[in-house]
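Novice: Below is one structure. I have some questions about it.
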Amino acid sequence: EKDYYQTLNISKNASADDIKKAYRKLAKKWHPDHNNKDPKTAEAKFKTIQTAYEVLSDPTKRSNYDQFGEAEPSRNQGWSNISPDDIFGGFGNFGGFGGFRQQRPSRDRDMQIEVPITLEEVATGVKKKISFPRHNYCKKCNGQGGSKTTCSMCKGDGRVSHRHQMGVTITTCRQCRGAGEQIINICTTCQARGYSKKTHSIDVNVPPGVKTNDGLVAENEGHNENLDLPRGHVICVISVVKHPEFARQGSTIGCSRTISMTDASLGTKIRVPTVWKEKIKLTIPPGTQPGQVLRLKGKGLPSTNSNMIGDQLVEIRIEIPRKLSTQAQQCLREFEKLQLKN
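Given below as structure tokens:
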């Protein structure tokens, strides 16, 4: 069984400030970004430290832990140590009496990056290198933005109560925006932001068959504005670039090819480009009509849900000459007479 006090190297009589100081010291030491040699061990240690802090920094959870050995008492242990605010806080804001108690996030905020790819890259899959600005907590102020003190308006609670004829309304403190703390000495390095920006690059492995708005997650590659939390994720949103020649519907690719009246009548062979960066020989049968669609099996796109590959459809367009020589006109009239005889 884990001893949260031992995890943070503090005594059971430690004050809230002692707990916070011990946590910040250990979180900085074991943050995965600072332990490149053994990131897995560091991440496990960081999570253990984070769990200990979540319990011991919450008065109710700490009281339950001290009495029962766990942050949340089991049902048969009763409700003696749970405050009314904890009971009714989960039911939303009914007439201003309490509100949802926010859960501590498990990581820093995620970010979205658009990743444009071509249809040819959809066919084969591709590794894309993308660069973007991400936030890193300021090492001078440990992401705090400067020296902090307890908010004078809410006394560190993050909420203030307003009495009126209908009762009491509890709202988020406007002065500290619910943080319970105020900056008194602004950090000159980050100008109170608590973080700095730096360009970061990652390789994104895009599998075959993806579509626009598909998302790929690069874990722990995003922002890290908060020293107390691991990095957020990067959500890579796929954007398939419009192709000048091909159209797409699911795993089917469509294109068109224009041939002469003679080739449509007598038949011919043409070469058709595909998204696989190759040209395939396509047989045009005699008597092909305008708008007729021919199929190239297995030359479409892969499906992300199966091993199947779609087809490529080729719409045949027939070019009608706008001007004919006198000799060509005579030939066409002779051709028409022959057709009528037959």
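Position one of the sequence shown corresponds to residue 1 (UniProt numbering), numbered consecutively onward. Note that CB positions come from ideal geometry on N, CA and C, so glycine has one too. The structure displayed is predicted, hence computed values, not measured ones.
1. Buried or exposed for F335, going by 16 or more other Cβ atoms inside 10 Å?
2. Taking residue 348 as the reference, give the member of K20, V206, P244 and P302 with the closest Cα.
3. When burial is assigned at 16 or more other CB atoms within 10 Å of the CB, is H31 buried or exposed?
4. Does the count of Cβ pairs from the stretch 132-150 and the stretch 175-184 closer than 8 angstroms reach three?
5. Can you give me the Cβ contacts of T124 inside the same chain, cut-off strictly under 7 angstroms, excluding the 5 residues immediately before and after it?
6. What does a CB cutoff of less than 8 angstroms around C255 pick up in its chain, not counting 5 residues either side in sequence?
7. According to DSSP, simplified to helix, strand and coil, what is A247?
8. Out of curiosity, what's the CA-to-CA distance linking E120 and V210?
9. Please state the DSSP three-state secondary structure of Q191.
10. Would you decide whether D228 is buried or exposed? Buried here means 16 or more other CB atoms lie within 10 Å of its CB.
11. Any idea if I238 is buried or exposed, counting beta-carbon neighbours within 10 angstroms, 16 or more meaning buried?
12. So, at 8 angstroms on beta carbons, what are the nonlocal neighbours of E43 in its own chain, with the 5 sequence-adjacent residues on each side left out?
13. For V55 versus K129, is the C-beta spacing smaller than 9 angstroms?
14. Can you tell me whether Q330 is helix, strand or coil according to DSSP?
15. Tell me whether the beta-carbon of N213 lies closer than 9 angstroms to the beta-carbon of N136.
16. Start and end of the beta strand (DSSP E) containing L294?
17. Within 10 angstroms of the Cβ of F68, are there 16 or more other Cβ atoms? Answer buried if so, exposed if not.
18. At the level of alpha carbons, what is the spacing between I270 and T258?
19. Taking the alpha carbon of V293 as the reference point, which residue from K299, S11 and I284 has its own alpha carbon closest?
20. Taking the straight line between their C-alpha atoms, what separation do you get for K21 and D58?
21. Going by DSSP, what residue range makes up the beta strand (DSSP E) through V210?
22. Within the continuous beta strand (DSSP E) that includes residue 343, where are the two ends?
23. What's the gap between the Cα of R107 and the Cα of T252?
24. Where in the stretch 259-330 do unbroken runs of the beta strand (DSSP E), each at least 3 residues long, occur, reported from the N-terminal end onward?
25. Measure the CB-CB distance between A27 and Q50 and report whether it falls below 9 angstroms.
26. Taking C-beta to C-beta, are V217 and V234 nearer than 9 angstroms?
27. Could you check if P290 is buried or exposed, using at least 16 other CB atoms within 10 Å of its CB as the buried criterion?
28. Could you name the residues that DSSP lists as bridge partners for M153?
29. Judging by CA-CA distance, which residue of R163, T199 and C154 is the nearest neighbour of R177?
30. Judging by CA-CA distance, which residue of R24, C151 and T118 is the nearest neighbour of N142?
31. From R134 to S63, what distance separates their C-alpha atoms?
32. Ordered along the chain, which non-local residues of its own chain (more than five positions away) have a Cβ less than 6 angstroms from that of T304?
33. Once DSSP output is grouped into helix, strand and coil, what is the label at H223?
34. DSSP has T252 in a bridge; who is on the other side?
Specialist: In this structure, then:
1. Position 335 of the sequence shown holds residue 335. So F335 counts as exposed.
2. Only positions 1 to 342 of the chain appear in the structure, and residue 348 is not among them; the question remains open.
3. Numbered from its first residue, the sequence shown carries residue 31 at position 31. Burial call: buried.
4. Using a C-beta cut-off of 8 angstroms, the stretch 132-150 makes contact with the stretch 175-184, since at least three inter-stretch Cβ pairs fall below that distance.
5. If you number the sequence shown from 1, residue 124 lands on position 124. So the list reads P208, once near-sequence residues are dropped.
6. Position 255 of the sequence shown, counted from the first residue, corresponds to residue 255. Counting only Cβ-Cβ distances below 8 angstroms, and skipping sequence neighbours, we find E245, F246, A247, V272, P273, Q312, L313, V314 and E315.
7. Position 247 of the sequence shown, counting from 1, holds the residue named residue 247. Here A247 sits in strand by DSSP.
8. The count along the sequence shown starts at 1 and reaches residue 120 at position 120. The count along the sequence shown starts at 1 and reaches residue 210 at position 210. If you draw a straight line from the Cα of E120 to the Cα of V210, it is about 11 angstroms long.
9. Here the question's residue 191 lines up with position 191 in the sequence shown. DSSP places Q191 in coil when its eight states are reduced to three.
10. As a working mapping, residue 228 is identified with position 228 in the sequence shown. Buried.
11. Along the sequence shown, one-based indexing puts residue 238 at 238. I238 counts as buried, since no fewer than 16 other beta carbons sit within 10 angstroms of its beta carbon.
12. On the sequence shown, position 43 is the one that residue 43 refers to. P32 and P230.
13. Translated into the one-based positions of the sequence shown, residue 55 becomes position 55. Translated into the one-based positions of the sequence shown, residue 129 becomes position 129. It is not a contact, given that the beta carbons lie outside the stated cut-off.
14. Position 330 of the sequence shown holds residue 330. In the structure shown, the three-state DSSP call for Q330 is helix.
15. Working through the sequence shown from its first residue, we reach residue 213 at position 213. Working through the sequence shown from its first residue, we reach residue 136 at position 136. Contact flag unset, no.
16. As a working note, residue 294 is residue 294 in the sequence shown. Its beta strand (DSSP E) spans residues V293 to L296.
17. Looking up residue 68 in the sequence shown gives position 68. F68 sits exposed, since fewer than 16 C-beta atoms from the chains shown fall within 10 Å of its C-beta.
18. What you label residue 270 is simply residue 270 of the sequence shown in a count that begins at 1. What you label residue 258 is simply residue 258 of the sequence shown in a count that begins at 1. So the two alpha carbons sit approximately 10 angstroms from each other.
19. Residue numbering aside, residue 293 sits at position 293 when the sequence shown is read from its first letter. Of the candidates K299, S11 and I284, I284 places its Cα closest to the Cα of V293.
20. Translated into positions along the sequence shown, residue 21 becomes position 21. Translated into positions along the sequence shown, residue 58 becomes position 58. Computed Cα separation, rounded: 15 angstroms.
21. Reading the sequence shown from its first residue, position 210 is the one you call residue 210. Run containing V210: none; DSSP gives neither H nor E here.
22. This structure leaves residue 343 out entirely; the chain is present only between 1 and 342.
23. Locating residue 107 in the sequence shown gives position 107, counting from the first residue. Locating residue 252 in the sequence shown gives position 252, counting from the first residue. Those two C-alpha atoms are separated by around 40 angstroms.
24. Listed in chain order, they are 268-273, 279-284, 293-296 and 312-319.
25. Within the sequence shown, residue 27 is the residue found at index 27, counting from 1. Within the sequence shown, residue 50 is the residue found at index 50, counting from 1. Contact flag set, yes.
26. Locating residue 217 in the sequence shown gives position 217, counting from the first residue. Locating residue 234 in the sequence shown gives position 234, counting from the first residue. Against a cut-off of 9 angstroms, the Cβ pair of V234 and V217 comes out as a contact.
27. As a first step, residue 290 is located in the sequence shown; it is residue number 290 there, counting from the start. Its Cβ having fewer than 16 others within 10 Å, P290 is exposed.
28. For the purposes of this step, residue 153 is identified with residue 153 of the sequence shown, where counting begins at 1. Answer is none; M153 lacks a bridge partner.
29. Here the question's residue 177 lines up with position 177 in the sequence shown. When only C-alpha atoms are compared, the closest one is C154.
30. Position 142 of the sequence shown, counted from the start, is the residue given in the question as residue 142. For the residues R24, C151 and T118, the minimum Cα distance to N142 belongs to R24.
31. Numbered from 1 along the sequence shown, position 134 holds the residue referred to as residue 134. Numbered from 1 along the sequence shown, position 63 holds the residue referred to as residue 63. Cα to Cα, R134 sits roughly 39 angstroms from S63.
32. One-based indexing of the sequence shown puts residue 304 at position 304. Exclusion of the five residues before and after T304 leaves G209 as the residues of its chain whose Cβ lies within less than 6 angstroms of its Cβ.
33. Locating residue 223 in the sequence shown gives position 223, where the first residue counts as 1. It is coil, neither helix nor strand.
34. The residue labelled residue 252 in the question sits at position 252 within the sequence shown. In the DSSP output, where bridge partners are listed per residue, T252 has Q249.
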